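Have a look at the structure below, then the notes.
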Amino acid sequence: MTDAVIDVRGLRMRYGARDVLTGVDFHVCRGEVITLLGPNGAGKTTTIEVLEGFRMRSAGEVSVLGVDPARGDERWRARIGVVLQSWRDHGRWRVRDLLAHLGGYYAPYATPERARPRDVDTLLETVGLTEQAGQRLASLSGGQRRRLDVAVGLVGRPELLFLDEPTAGFDPRSRRDFHDLVHRLSDLEDTTILLTTHDLAEAEQLADRILILAEGRIVADGSADQLARRVSGQAEVRWSRHGERFVHATPDATGFVRELFAQYGDEVADLEVRRASLEDTYMAIAHRHERAELEEVSAR
Amino acid sequence: MSPTVHTARLGLARGWTETRHSLTNPQDLGWNVFVVTVFVVVLLLQRNARVDGSALPLAMLTLPSILGMWVAFAGYSGAAGTLAAEREDGTLLRAKAVPQGMVGYLVGRIVSLSLITLFMLVIILVAGLLLLPDLATAGGSDWLVLLWVATLGLLATLPWGAVIGSLVRSPNSAFGLTMLPLIALTAISGIFYPISALPGWVQGVAQVFPIYWLGLGIRSALLPDAAAVLEISGSWRHLETAAVLGAWAVAGLLVAPPVLRRMARRESGSTMEARRQQHLQRTP
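Just so you know, the sequences run in chain order H and G. Note that the first sequence covers residues 1 to 300 in the working numbering. Note that the second sequence covers residues 1001 to 1284 in the working numbering.
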C-alpha cells in the first residue's frame, strides 16, 4: 500500500529465552485510528516501543513513515508524537513554560503544510489546562498531568501519534473530551493514531480498526463490527407476545424481524436485537487463544 | 538558524530555567544554607589554630581548599545524582521523545550545574572573607587563576559524574558511588589539614585525583605566595595542576559521550516504569 504509515512484517522480540513477540504483521494507513488490544503481557507496549524507535527488535521488517525506526533521525522523530505515561518529571516547571520549551525543539522542522510547533495557548485550551498554565507540574492532579502528557505529544503537530493507555485515570468528562480530540485530530489534520487501551468501550468508540495482540502475534484485525461477525455470525433477537418472552438466534436479524412483523404485526412488543459487543468478541477471541495454547502444551 | 545553534539556545534557556528553579526552591536553598553553615563552623573552629611552622591561621588554608573540594562534589556527585534521578523520573525519556531533546537536556544540565556551583562558590567565598578579611588581598590575576582552576575542575569531574549517572540502576547507588569515594579522597587530599602531614604513599594516591589539585589551585589563587612553602615541593605547581585536571577532563570527555549515547538508546517507557516500581518499593 502506497500510503502505509506503519508497515510491520514478521516482528519478533525475544528477551533472554522468552519470546514476547513471535511474528507480528499489520499495516496502518494515513489518517486511520487504530487500537491495539490485548491481555497484560501480550506485548502491546513492546510493539509500540519498537515503532517509536525506543527499543531494538530481534527480527522482522518495520517501516514507520517510510523509515526503519531503528535508524530514524531527528527529522523523522519530529514527525512523530509520543504520549508518555509520565510520573513526576519536570515537577518544578510551570505547565506553560514546559510546553513552550518542548515545542521549541520542533520549530526547525516546520513545513508549509504543518506549522510546528502548535500554538501553546490554543493547545492548553484544547486539553483543558488553561487554568493550570501557570501552575507547577508537581501540583497537578493525576488526570491533569495525563492531559499535559497528551499536550506534549501533540505540540509538534505530529503526522503519527502513539498513545499508550491515554485515558488511564481520566474522569468520564475528560475521557469524552479526549475522545472528541482524537476524532478532530484524525478528521481535520489527517493524523494517524495508534493507541493501546484496556477500555473496550473506548476502543470501539475511537478506532477505525482494532488489532488484538495475543501470544505475541496479531490474532484479529478489523473494525469492531467485522470482528463481531467473525466470532459469531449470529445476532440475538428478543421479543414478547401476549406477555410471553421469546429469544431467537439468527444470522440474518433484519430478515427475521421482517418475518416476525409480517406474521404477528402489532402483537410484537419489547423488541431487542443484540449483536456480540466488542467485549463478547474480545473475550471469545482471547479465550479461544488461551484454549489453543493449553491444547498445544498438553499435546507436547 | 542552523538546527545546532537552535538546540544550543534551547539548552541554554533550559539551563537558566533549571537554575532559577533550584535557587528559588526551599528544599534546595535549605540544603545550600546547611552546607555553608557547616563550612563556616569549620572555619570558626580553625580560626585560632596555626599551621605548623607558619604564622598562618589554619582556617586561611581551609577556605580555598573547601572551594576546590566543592567544585569536585558539585561536578562529580551533582552530575551523577541529577542524571540518575532524572532517568528514574522520566525527564530523559521526555527529552528523547522530542527531536534533539537529549542534546538540549545535556546542554541545559551542564549550564545549570555550572551556574549553581558558581553561586555556591561565591556564597562560601563571601562568608569566608567576612571571617578571614586577610584573604581579601587577592588581585586581578589571582581571580583569573581561581576561574581557570574551577572551570577546568568542573570539566574534569562533571563528565565522570555523567558516566556514573548513566550506568547506575538507581539514584541511591549514584549517591553511594560518588559521595563515599569523594569523602575518602577529601580526607587524604589536604582539604582540612595540610597534606604534608600525611605519609608519602597517601600523598601519592591523592595526587592522582582532581580534588587535591583543585584545592591546591584555589589556594594558589587566594593565599599569599609565601604560603607555597607549605605545599609539596614548596611550589604551587600550576603546570602540574593544569596537566592532571586536563587529563581527567580529556579522558572524561572521551568516555562520557558513548556511555551517554548507550544510556539514551536504552531509555524506554518500560525501563522507566520498572525503575518507578523499584522506587515505590524502596519508599513505603
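Positions of the beta carbon are idealized from the N, C-alpha and C atoms, including for glycine. Computed from a prediction, not measured in an experiment: that's the story for all the values here.
Determine the burial state of H/Met-56: buried for a count of at least 16 other Cβ atoms within 10 Å of its Cβ, exposed for fewer.
exposed
Just reading off the alpha helix (DSSP H) that H/Tyr-105 is part of, what are its end residues?
Run containing H/Tyr-105: none; DSSP gives neither H nor E here.
So H/Trp-76 is in the alpha helix (DSSP H); what residue range does that whole segment cover?
74-77
How would you list, in chain order, the residues of chain G whose beta-carbon sits under 8 angstroms from the beta-carbon of H/Ser-86?
Gly-1090 and Arg-1094
Who does H/Leu-213 pair with in a DSSP beta bridge?
H/Ile-218
Do H/Arg-9 and H/Ser-58 have their beta-carbon atoms positioned less than 8 angstroms apart in this structure?
no
Best match in H/Leu-102, H/Asp-199, H/Ser-223 and H/Pro-39 for proximity to H/Pro-172 [C-alpha to C-alpha]:
H/Asp-199
Since H/Thr-35 is in the beta strand (DSSP E), which residue starts that stretch and which ends it?
33-37
Using the C-alpha atoms, what's the distance from H/Ala-284 back to H/Leu-260?
30 angstroms
Just list the residues that DSSP pairs H/Ala-4 with in beta bridges.
H/Cys-29
Would you say G/Arg-1169 reaches chain H, if we count a Cβ-Cβ gap shorter than 8 angstroms as a contact?
no
Closest residue to G/Ser-1268 among G/Arg-1087, G/Asp-1052 and G/Leu-1254 (Cα-Cα distance)
G/Arg-1087
Nearest to H/Gly-153 (by Cα), restricted to the options H/Leu-194, H/Arg-176 and H/Gln-135:
H/Leu-194
Three-state secondary structure (DSSP) at G/Thr-1024?
coil
DSSP on G/Arg-1282, reduced to helix/strand/coil?
helix
What residues in the region 99-122 of chain H have a beta carbon less than 8 angstroms from any beta carbon of chain G?
His-101, Leu-102, Gly-104, Tyr-105, Tyr-106, Ala-107, Pro-108 and Tyr-109
Any chain H beta carbon closer than 8 angstroms to G/Ala-1084:
no
Could you check whether the region 1043-1054 of chain G touches the region 1108-1121 of chain G, counting it as contact only if at least three pairs of C-beta atoms, one from each stretch, sit closer than 8 angstroms?
no
Label G/Asp-1225 either buried or exposed according to how many other C-beta atoms from any shown protein chain fall within 10 Å of its C-beta, with 16 as the threshold for buried.
exposed
Closest Cα partner of H/Pro-117 within the set H/Val-127, H/Pro-166, H/Glu-125 and H/Ala-100
H/Ala-100
C-alpha gap between H/Tyr-105 and H/Val-127, whole angstroms:
21 angstroms
With a 10 Å radius around its C-beta and 16 neighbouring C-beta atoms as the bar for buried, classify G/Ser-1220 as buried or exposed.
buried
Let me see if you follow: with CB-CB separation under 8 angstroms, is H/Val-62 close to chain G or not?
no
Mind checking which residues open and close the beta strand (DSSP E) that includes H/Leu-194?
192-196
Using a Cβ-Cβ distance cut-off of 8 angstroms, determine whether G/Trp-1016 contacts chain H.
no
Taking the beta strand (DSSP E) that H/Trp-239 belongs to, which residues open and close that run?
235-241
Which residues in chain H sit within 7 angstroms of G/Gln-1100, going by Cβ to Cβ distance?
Glu-74 and Tyr-105
Quick one: give me the first and last residue of the beta strand (DSSP E) that H/Glu-272 is part of.
268-274
With 16 other Cβ atoms within 10 Å as the buried cut-off, status of G/Pro-1057
buried
Taking the Cβ atom as the reference point for each residue, do G/Val-1149 and G/Leu-1214 lie within a distance shorter than 8 angstroms?
yes
To which residues of the same chain is H/Gly-31 closer than 8 angstroms at the C-beta, ignoring the five residues directly before and after it?
Ser-186, Asp-190, Thr-191 and Thr-192
Beta-bridge partners of G/Pro-1224, as assigned by DSSP
Its beta-bridge partners do not exist; DSSP assigns none.
Does DSSP put H/Tyr-15 in a helix, a strand or coil?
strand
Would you decide whether H/Pro-112 is buried or exposed? Buried here means 16 or more other CB atoms lie within 10 Å of its CB.
exposed
For H/Ala-78, go through chain G and note every residue whose CB falls closer than 7 angstroms to its CB, in chain order.
Pro-1099
For H/Gln-132, which residues of its own chain have a beta-carbon under 7 angstroms away from its beta-carbon, when the five flanking residues on both sides are left out?
Val-95, Leu-140 and Gln-144
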